[in-house]
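**Q** Dropping a structure here in structure tokens format, bear with me for questions.
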Amino acid sequence: MSGSALIDVRLPDGSSKQITEGSNALDVAAAIGSRLAKAAVAAVVNDHEADLTAPLANGDRVSIITADSDAGRHVLRHSTAHVLAQAVLQLFPGAKFTIGPAIEDGFYYDFDLPGGRTFTDEDLVAISERMKQIVDADQPFVRSELSPKEALHVFADQPYKCEIIQRVTAGAADDGDAGEVGGGDSVSVYRNSDTFVDLCRGPHVPSTGRLGHFALMKVAGAYWRGNEKGPMLQRIYGTAWESKAALQEHLVRLEEAEKRDHRKLATEMDLLSFPSELGGGLAVWHPKGAIVRKLMEDYSRERHQNGGYQFVYSPHLANAQLFETSGHLHFYKDGMYPPMEMDNGTYYPKPMNCPMHCLIYRDRQRSYRELPLRLFELGTVYRYERAGTLHGLLRIRGFTQDDSHIFCTQEQLAEEIASLLDFVLSVLRRFGFDDFSYKLSTRNKEKSVGSDEIWEKATAALRSALERLGVQYTIGEGDAAFYGPKIDVDVRDAIGRKWQLSTIQADFQLPERFGLEYVGADNQRHRPIMLHRALFGSIERFFGVLLEHYGGSFPTWLAPVQVRILPVTTAHEAHAASLVDRLAKDCFRVDTIAADEQLGKRIRAAKLERVPYVLVVGDDDVKAGTVGVNPRGGEVQRDTPFETFVERLRVDVLEGSGR
RNA sequence: GCCGAGGUAGCUCAGUGGCAGAGCAGCCGCCUUGUAAGCGGCAGGUCGUGGGUUCAAUCCCCACCCUCGGCUCCA
């Protein structure tokens, strides 16, 4: 019998394992250990992910994917998405299902419900219950390969599935489709009961009993194939984990993130607001928010001054002609505020500062000796973001860019980009970010202008700057702006979330459009290259990111109130006031609260406001010239000499701001 | 812009086709306080805006504005 023949498979540690022919990866896992078999969700066979139940061949290289790895969770989530679809199809007769991939931290599945019905929160509860039943039934996931014809028959009443099958077999599949079915001449499907079958490339867990630590999170609309002219589907988002504890931790992380929500903190801390009378996406800054913003801006100005930038200002409005020249009206008219008709022409609020900076450059003849010429402006721009996209400070209609435009020669380009990157990272580090990632965005043929040669040159310059820095980067194929390629810098915040902040963009177009020139050493006229560079990006957005990063606890150099002095009783108020004066003279931000309430209550209020230092002064302190120091996140120290505290404060502020 | 959920006091949130509710914050007293909520009182609302249905609308219907979760978009 061939079944009793032995074959060898190779394991990741280089060793071999002898198994009987016809065995699968699950058997291998079991032979290694029962714990591994229990944690296994799929396998990698000869560098390809495969089901645990797929038979192995002699000489196969096998490694086991366990549920607690990224790849394993991906499988769990994808399998859970299938169970979600199964439950929905059972509970909503006539529902059409579309695609349901695993995503970061979870999965989703998109449905088209009969009669335009939508899911309610109660539906989610019922669906979740049904999913648990499917998990309890421990249904096996059984893979099979079908010919396109067979597949079309199986999914005859599922038009979206048929569309996917047809696209895949016509070779027109995009990545999403291939993820569903694999691709090639046959399509793969997984059946996990008599009544439920779905297109899928796999792999899947061996049976639904391996799932169960999931939660359905929310329901949302989503366009079929992401096309806003296509049908609007109903999407259910869920999350799934390898254990109850891991699921719980994830939910706690979400709560943590919610506590840090900048909109919530901005209200609680009285930093800024979005009065509805102002209109959507427009903010007003309250004193406590404004002081932090001012400190950020002051710091930015100081760094730019030292970094060889020249400061400029430009108006908020410009004649339409300017944006015709720059190309903004052609490429971004829909994203601009509507025009104002005035007696001598049409005016638009500016969506960017670069056209103005080009005018400054062009105002007189420039010499190569002036280059690189670095212009810098905190320039407020207005963009007509669509109503549904507004999001606190992170997506806003009026905002201020820390915008700089650098004009340089082609020879200077690579060097300038490299030093720009250094500059950007050095400033970001000062705000507590030290985990960066980089993306190089390349040309989108349909949405761009300029010759291939110029694009290639600019892209190469950006790439060489990244390589000089010696960092990893990803490529954003077709993500560039219309005028040139760019490098985006993402940061990871204190709780591991990624934010896109800085951008460096090469631009050969605007110099062309504005006819910018310089006179070279050869006494000939040449065209400069322009670099766009936003560091914070938008001050508003950066402020929002910082607020979430610090969870509202700004470092002392940025804190709206750095020191609060609390007299124990009314008898100590005058003393407290004298300490306030003393610190205010040294430009520290300090206040005091009279002893109308009990000390504990006033301390609590200061803590909720996240004041870095609370000083308590009572009889002992008045006599001895000391203070009780209650630092944010630290231990109380009674009887600290006041001057000792001042020195500590000074060091804290200076170190924070790097001055 | 599209799908869904919302908008009640400064904040967080109850509530009802028939005089609008709480806690915190605020103000006024009392307490004189040593490291995260002392006690009492007062005040505070065109129930997002505008229409409609009704004897009566904060509640039901319509439109608009704004917010939230997504989708799409993001120079």
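Everything in the first sequence is counted per my numbering, starting at 924 for the first residue and increasing by one.
Each residue gets a CB set at the ideal place from its N, CA and C atoms; glycine is no exception.
(1) Could you give the first and the last residue of the continuous beta strand (DSSP E) run that contains serine 1347?
(2) Give me, in chain order, the residues of the same chain whose beta-carbon lies closer than 6 Å to that of valine 968; leave out the 5 immediate sequence neighbours on both sides.
(3) Would you kindly work out how many angstroms separate the C-alpha atoms of glutamate 1471 and histidine 1251, rounded to a whole number?
(4) For glutamine 1013, which three-state DSSP category applies?
(5) Can you grab the Cα-Cα spacing for the pair aspartate 1504 / threonine 1493, in whole Å?
(6) Rounded to the nearest angstrom, what separates tryptophan 1208 and lysine 1380 at their Cα positions?
(7) Using beta-carbon positions only, say whether valine 1065 and valine 1091 come within less than 9 Å of one another.
(8) Whole-angstrom Cβ separation of lysine 1409 and isoleucine 1427, contact assumed at under 8 Å?
(9) Tell me the residue span of the beta strand (DSSP E) that contains serine 939.
(10) Is it buried or exposed for serine 1237, if we count other Cβ within 10 angstroms and need 16 for buried?
(11) Using only the alpha-carbon positions, how far apart do threonine 1549 and glutamine 1485 sit?
(12) Phenylalanine 1568 and valine 1545 - do their beta-carbons sit closer together than 9 Å?
(13) Taking C-beta to C-beta, are serine 946 and leucine 979 nearer than 9 Å?
(14) Alpha carbon to alpha carbon, how far is leucine 1385 from alanine 1189? Give it in angstroms, no decimals.
(15) Who are the Cβ neighbours of aspartate 1326 in its own chain at under 7 Å, not counting the five residues just before and after it?
(16) How do the segment 1028-1048 and the segment 1190-1201 stand: do at least 3 beta-carbon pairs fall below 8 Å, yes or no?
(17) Work out the CA separation of threonine 1323 and valine 1537 for me, nearest whole Å.
(18) Less than 9 Å between the beta carbons of serine 1067 and arginine 1114, yes or no?
(19) Tell me, please, which residues DSSP counts as bridged to histidine 1455.
(20) Going by the CB atoms, is the gap between valine 1574 and arginine 1555 shorter than 9 Å?
(21) Cutting at 7 Å between CB atoms, please list the residues of its own chain near serine 925, excluding the five before and the five after it.
(22) Check whether the Cβ atoms of isoleucine 1329 and leucine 1454 lie closer than 9 Å to each other.
(23) Hey, out of Arg1527, Phe1459 and His1280, whose CA is closest to phenylalanine 1346's CA?
(24) Mapping DSSP to helix, strand and coil, what is lysine 1273?
(25) Can you grab the Cα-Cα spacing for the pair lysine 1368 / phenylalanine 1015, in whole Å?
(26) Compare the C-alpha of proline 1063 against each of Thr1021, Lys1019, Val1006 and Leu1075 and name the closest.
(27) From Lys940, Val951, Leu1294 and Val1576, pick the residue whose C-alpha is nearest to that of arginine 1512; which is it?
(28) With a threshold of 7 Å on Cβ separation, who are the neighbours of arginine 1133 within its own chain once the five nearest residues in sequence on each side are excluded?
(29) What residues are listed by DSSP as bridge partners for alanine 965?
(30) Judging by CA-CA distance, which residue of Asp1193, Cys1331, Phe1431 and Asp1357 is the nearest neighbour of serine 1374?
(31) According to DSSP, is alanine 1499 part of a helix, a strand, or is it coil?
(32) Rounded to whole angstroms, what is the Cα-Cα separation between lysine 1354 and aspartate 1046?
(33) In angstroms, rounded to a whole number, what distance separates the CA positions of leucine 934 and lysine 940?
(34) Could you tell me whether the Cβ atoms of glutamine 1157 and alanine 1168 are closer together than 9 Å?
(35) Could you tell me if serine 1461 is buried or exposed, where buried requires 16 or more neighbouring beta carbons within 10 angstroms of its beta carbon?
**A** Taking the definition as stated:
(1) The sequence position of residue 1347 within the first sequence is 424, counting from 1. Per the sequence shown, residue 1347 should be read as valine rather than serine. No beta strand (DSSP E) holds valine 1347; the alpha helix (DSSP H) holding it covers 1336-1353.
(2) As a position in the first sequence, residue 968 is number 45, starting the count at 1. Correct list, in chain order: Asp983 and Val985.
(3) Against the first sequence, residue 1471 aligns to sequence position 548. Against the first sequence, residue 1251 aligns to sequence position 328. Rounded to the nearest angstrom, the two C-alpha atoms are 33 Å apart.
(4) Along the first sequence, read from residue 1 onward, the residue named residue 1013 stands at position 90. Helix, per DSSP.
(5) Taking the first sequence and counting its residues from 1, the one referred to as residue 1504 is at position 581. Taking the first sequence and counting its residues from 1, the one referred to as residue 1493 is at position 570. Distance between the alpha carbons of aspartate 1504 and threonine 1493 is about 18 Å.
(6) As a position in the first sequence, residue 1208 is number 285, starting the count at 1. As a position in the first sequence, residue 1380 is number 457, starting the count at 1. Straight-line Cα distance between these residues: approximately 43 Å.
(7) Mapped onto the first sequence, residue 1065 falls at position 142. Mapped onto the first sequence, residue 1091 falls at position 168. Contact flag unset, no.
(8) For this step, residue 1409 is matched to residue 486 along the first sequence. For this step, residue 1427 is matched to residue 504 along the first sequence. About 6 Å separates the beta carbon of lysine 1409 from that of isoleucine 1427, a gap short enough to meet the 8 Å contact definition.
(9) Position 16 of the first sequence holds residue 939. Counting along the chain, the unbroken beta strand (DSSP E) around serine 939 starts and ends at 939-943.
(10) As a position in the first sequence, residue 1237 is number 314, starting the count at 1. Buried, by the Cβ-count rule.
(11) On the first sequence, residue 1549 is found 626 positions in, with the first residue counted as 1. On the first sequence, residue 1485 is found 562 positions in, with the first residue counted as 1. Roughly 18 Å between the two C-alpha positions.
(12) The sequence position of residue 1545 within the first sequence is 622, counting from 1. The sequence position of residue 1568 within the first sequence is 645, counting from 1. In this structure, phenylalanine 1568 does not lie closer than 9 Å to valine 1545 by Cβ.
(13) By 1-based counting over the first sequence, the position of residue 946 is 23. By 1-based counting over the first sequence, the position of residue 979 is 56. Yes.
(14) Along the first sequence, read from residue 1 onward, the residue named residue 1189 stands at position 266. Along the first sequence, read from residue 1 onward, the residue named residue 1385 stands at position 462. Distance between the alpha carbons of alanine 1189 and leucine 1385 is about 37 Å.
(15) As a working mapping, residue 1326 is identified with position 403 in the first sequence. Contacts found: Asn1276, Glu1300, Gly1302 and Ala1457.
(16) no
(17) Your numbering for residue 1537 matches position 614 in the first sequence. Your numbering for residue 1323 matches position 400 in the first sequence. The straight-line gap from Cα to Cα measures roughly 34 Å.
(18) Here residue 1067 refers to the residue found at position 144 when the first sequence is read from its first residue. Here residue 1114 refers to the residue found at position 191 when the first sequence is read from its first residue. In this structure, arginine 1114 lies closer than 9 Å to serine 1067 by Cβ.
(19) Counting from one through the first sequence, the residue named residue 1455 turns up at place 532. DSSP output for histidine 1455 lists His1328 and Gln1428 as bridge partner(s).
(20) Here residue 1555 corresponds to residue number 632 of the first sequence, with the count starting at 1. Here residue 1574 corresponds to residue number 651 of the first sequence, with the count starting at 1. Against a cut-off of 9 Å, the Cβ pair of valine 1574 and arginine 1555 comes out as no contact.
(21) As a working mapping, residue 925 is identified with position 2 in the first sequence. Confidence at serine 925 is low in this model, with a pLDDT of 48, below 50, so its placement is unreliable and the value that follows should be read with caution. Contacts found: Glu944.
(22) Translated into the one-based positions of the first sequence, residue 1329 becomes position 406. Translated into the one-based positions of the first sequence, residue 1454 becomes position 531. Yes; because the gap between Cβ atoms is below 9 Å, this pair is in contact.
(23) Indexing the first sequence from 1 puts residue 1346 at position 423. That would be Phe1459, whose Cα lies nearest to the Cα of phenylalanine 1346.
(24) Looking up residue 1273 in the first sequence gives position 350. Of the three classes helix, strand and coil, the one that applies to lysine 1273 here is coil, per DSSP.
(25) The residue labelled residue 1368 in the question sits at position 445 within the first sequence. The residue labelled residue 1015 in the question sits at position 92 within the first sequence. The alpha-carbon atoms of lysine 1368 and phenylalanine 1015 are separated by roughly 43 Å.
(26) Within the first sequence, numbered from 1, the residue matching residue 1063 stands at position 140. Taking only the C-alpha atoms, the option nearest proline 1063 is Val1006.
(27) Here residue 1512 refers to the residue found at position 589 of the first sequence. Considering only alpha carbons, the answer is Val1576.
(28) Locating residue 1133 in the first sequence gives position 210, where the first residue counts as 1. Cβ within range, chain order: Val964.
(29) On the first sequence, residue 965 is found 42 positions in, with the first residue counted as 1. Looking at the DSSP assignment, alanine 965 forms a beta bridge with Ile988.
(30) Indexing the first sequence from 1 puts residue 1374 at position 451. The candidate whose alpha carbon is nearest that of serine 1374 is Phe1431.
(31) By one-based count along the first sequence, residue 1499 stands at place 576. In this structure, alanine 1499 counts as helix in the three-state DSSP scheme.
(32) As a first step, residue 1354 is located in the first sequence; it is residue number 431 there, counting from the start. As a first step, residue 1046 is located in the first sequence; it is residue number 123 there, counting from the start. The amino acid occupying residue 1354 in the given sequence is phenylalanine; lysine does not appear at that position. Whole-angstrom Cα-Cα distance: 44 Å.
(33) On the first sequence, residue 934 is found 11 positions in, with the first residue counted as 1. On the first sequence, residue 940 is found 17 positions in, with the first residue counted as 1. Near 7 Å, if we compare the C-alpha coordinates of lysine 940 and leucine 934.
(34) If you number the first sequence from 1, residue 1157 lands on position 234. If you number the first sequence from 1, residue 1168 lands on position 245. The answer is no: Cβ separation not under 9 Å.
(35) Working through the first sequence from its first residue, we reach residue 1461 at position 538. Buried, by the Cβ-count rule.
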